[in-house]
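Heads up: the structure comes next, in structure tokens.
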Amino acid sequence: ISETATTGVPEVDALLDGGLPVGAVSEVTGPKSSGRTGLALSFLAQQTQDERVCAWVDVGDAFDPESAAASGVILRQLLWVRCCEAATVSTGNGSRISPTWKKKIQAPIWTRLDQALRATDLLLQAGGFAAIVLDLGDMVPEHGSRIPLATWFRFRQAADRTRCCLVVLGQAAYAQSSAAVVL
36 ISETATTGVP EVDALLDGGL PVGAVSEVTG PKSSGRTGLA LSFLAQQTQD
86 ERVCAWVDVG DAFDPESAAA SGVILRQLLW VRCCEAATVS TGNGSRISPT
136 WKKKIQAPIW TRLDQALRAT DLLLQAGGFA AIVLDLGDMV PEHGSRIPLA
186 TWFRFRQAAD RTRCCLVVLG QAAYAQSSAA VVL
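This is how it looks when you write it as structure tokens:
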């Protein structure tokens with residue numbers, strides 16, 4: 036029997052024989068207001084209340100810390116990665132640089148999706164996270180379907196190696212054969 040982590044929703048845990056698989060990619064799909072974010076918050080609440088460190092990679096800048104805290108997520112145990120618009124670049128000291136300065140600083144400018152995939156890859160490779168939520172929920176499915184299968188395979192391998200639950204939220208399933216669970 037594989038190791039699982041409870042979602043905090045007994046009906047879902049019963050369907051999944053205990054919860055989401057540890058060290059694997061799980062996808063929670065559905066249209067807006069279908070409950071995918073609520074399930075992810077419930078899952079993170081369980082993890083953070085057990086003093087586990089988690090991360091939320093936020094492509095659409097839609098994460099609401101107040102809602103997360105109201106759902107039981109311990110915010111001091113959560114790293115929130117906010118992806119910014121491609122028109123601005125963070126300097127690292129909290130300020131932003133206008134688009135006219137892009138060429139002068141020679142910094143790469145990535146789309147929000149590129150930023151999210153790079154951040155997720157770094158977090159998975161670094162280890163130490165019990166769970167990472169990659170929130171692609173506000174992204175149109177056509178963009179998510181363009182994510183290369185090699186990316187999902189690399190994420191699956193890293194999640195397995197670091198024993199991290201990678202939960203992908205989206206309007207459709209994107210990870211294909213790399214996902215252990217698709218809800």
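Numbering (my numbering), first residue to last: 36 to 218. Built from N, CA and C at the ideal position, the CB exists for glycine as well. These figures come from a predicted structure and were not determined experimentally.
Going by the beta-carbon positions, is the gap between residue i and residue j smaller than 8 Å?
i, j, result
"A207", "T64", "yes"
"D96", "V116", "no"
"W91", "L110", "no"
"A151", "L169", "yes"
"S213", "R181", "no"
"G205", "L171", "yes"
"S37", "P66", "no"
"R189", "D156", "yes"
"L79", "A166", "yes"
Terminal residues of the continuous beta strand (DSSP E) containing residue i?
i, result
"G205", "200 to 205"
"L169", "166 to 170"
"T64", "60 to 64"
"R221", "Any answer about residue 221 is impossible in this case: the structure gives the chain only from 36 up to 218."
"D93", "89 to 93"
"V175", "From DSSP, V175 is part of no beta strand (DSSP E); its letter is neither H nor E."
"V217", "214 to 217"
Excluding the 5 residues flanking residue i on each side, which residues of the same chain have their C-beta closer than 6 Å to its C-beta?
i, result
"K139", "Low per-residue confidence applies at K139: pLDDT is 46, beneath 50, and the placement is therefore not dependable enough to give any value."
"M174", "V94"
"R147", "V94, C118"
"G58", "A194, D195, R198"
"A154", "V92, V116"
"G53", "T39"
"L51", "none"
"P176", "Q206, A207"
Assuming residue i and residue j form a contact by the criterion Cβ under 8 Å, report the distance between their Cβ atoms to the nearest whole angstrom.
i, j, result
"Q81", "T41", "5 Å"
"S77", "V44", "6 Å"
"V88", "G163", "6 Å"
"L218", "E86", "Contact doesn't hold; Cβ gap of about 26 Å is too wide."
Under 8 Å Cβ to Cβ from residue i, same chain only, skipping five residues before and after it: list those, please.
i, result
"Q211", "L184, W187"
"Q84", "G107, I109"
"G73", "S106"
"E120", "R147"
In the DSSP assignment, the alpha helix (DSSP H) including residue i goes from what residue to what residue?
i, result
"L74", "71 to 84"
"A154", "147 to 161"
"G193", "In the sequence under discussion, the amino acid at residue 193 is Ala, which differs from the Gly named in the question. Note, A193: alpha helix (DSSP H), 184 to 197."
"T105", "The sequence shown places Ala at residue 105, not Thr. It spans 100 to 105 - the alpha helix (DSSP H) in which A105 sits, taken as one unbroken run."
"E38", "Where E38 is concerned, there is no enclosing alpha helix (DSSP H), given that its DSSP letter is neither H nor E."
Quick one: what's got a C-beta closer than 7 Å to residue i's C-beta in the same chain, skipping five residues either side?
i, result
"A104", "L110"
"V47", "L74"
"H178", "L148"
At a Cβ threshold of 8 Å, is residue i touching chain B?
i, result
"A185", "Protein chains in the displayed structure number just one, and chain B is not present."
Review point. How about the segment 186 to 201 and the segment 96 to 106: do they share at least three Cβ pairs that are nearer than 8 Å?
Key: By the C-beta criterion, the segment 186 to 201 is judged not to be in contact with the segment 96 to 106, since fewer than 3 inter-stretch pairs fall below 8 Å.
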